[in-house]
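Those letters in the sequence shown? Residues 3 to 168, by this note's numbering. Using N, Cα and C, we set each Cβ at its ideal position, and we do this for glycine too. A short worksheet on the structure shown next.
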Amino acid sequence: MENGFKIIKDMFPDYLEETNIEIDEDKIIIYFDSKRKSCNCPSCNNPSMTKSTYFTRKIQDLNVIEKPLFLIIRLAKYRCENPKCNTKIFSENISDFAGEKQRRTNRLNELLTKFLLTQSAESAARRCSYIKTKISGDTLLRLSKKYEFAMDMESIRSIGIDDFVF
Ligand SMILES: [Zn+2]
């Protein structure tokens, strides 16, 4: 899969390093490790280099060749080294790529929102099942509210819907 790695490498943040890829009949899974050595505390903004433990997040991304793509990303929990800060442990933040507690990447959420804004809720839900994304009508509505004002159709086009989804 050497060549496959090269093609997809540019699609992900620099700080994520692929460690493995699984291509199944019905899905693709890419495993990543974070290469970061430090992270800023979300409360006091002090940089920390002390990793306390690791955790993984499973996140769905845009389909590749009509297969749902899942990312399993290993991230660190850091210890805040500022004695005056109330936060003791915090999780590595990848919100530029996938927001906190989100099970989908930002670009997948934007795509789903675009479905909802340009189609009826019913056909948007059908479209989601076509791209094999399990998502409830309520979640779609929440997403559309969240992104309504931040929507930028140009950036959605540039994430490569034409190349990777249909
Ligand atoms: Zn802190």
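Taking the alpha carbon of residue i as the reference point, which residue from the options has its own alpha carbon closest?
i, options, result
"E19", "D12, F117 and F34", "F34"
"N95", "E27, R76, K29 and N88", "R76"
"S40", "Q62, D28 and Y80", "Y80"
"N22", "P15, I31 and F14", "I31"
"I67", "D26, T52, F14 and K90", "D26"
"M13", "T107, D140 and K90", "T107"
"G101", "K53, I91 and R59", "R59"
"P15", "D28, S36 and S125", "S36"
"S45", "E24, S93 and S54", "S93"
Rounded to the nearest angstrom, what separates residue i and residue j at their Cα positions?
i, j, result
"Y17", "R38", "6 Å"
"R128", "P49", "45 Å"
"L64", "Y56", "25 Å"
"L118", "I61", "21 Å"
"K90", "R105", "25 Å"
"S97", "D140", "22 Å"
"S54", "T120", "45 Å"
"T52", "A78", "9 Å"
"L2", "C82", "Residue 2 falls outside the range modelled here, since the chain spans only 3 to 168, and no answer is possible."
"K2", "N47", "With the chain covering 3 to 168 only, the question about residue 2 has no answer from this structure."
"R109", "R144", "16 Å"
"V167", "K29", "Caution applies to V167, whose pLDDT of 42 falls short of 50 and renders its modelled position unreliable; the model cannot decide the point."
"S42", "S125", "Note on identity: in this sequence residue 42 is Asn, with Ser being the wrong assignment. If you take the alpha carbons of N42 and S125, they lie about 42 Å apart."
"E24", "K103", "24 Å"
"F99", "N111", "11 Å"
For a test of your reading of the model: does the CB of residue i fall under 7 Å from any non-hydrogen atom of ligand 3? Yes or no.
i, result
"N42", "For ligand 3, the structure offers nothing, since it holds only ligand 1."
Original post:
How about the segment 65-73 and the segment 86-94: do they share at least three Cβ pairs that are nearer than 8 Å?
Top reply: They do not touch, by the three-pair rule.
Original post:
Counting only runs that start and end within the segment 3-78, where is the beta strand (DSSP E) found for 3 or more residues in a row?
Top reply: Correct list: 18-25, 30-36 and 53-66.
Subject >> Environment of ligand 1 in chain order, Cβ to heavy atom below 7 Å >> reply: Those residues, listed in chain order, are C43, S45, C46, N48, C82, N84, C87 and T89.
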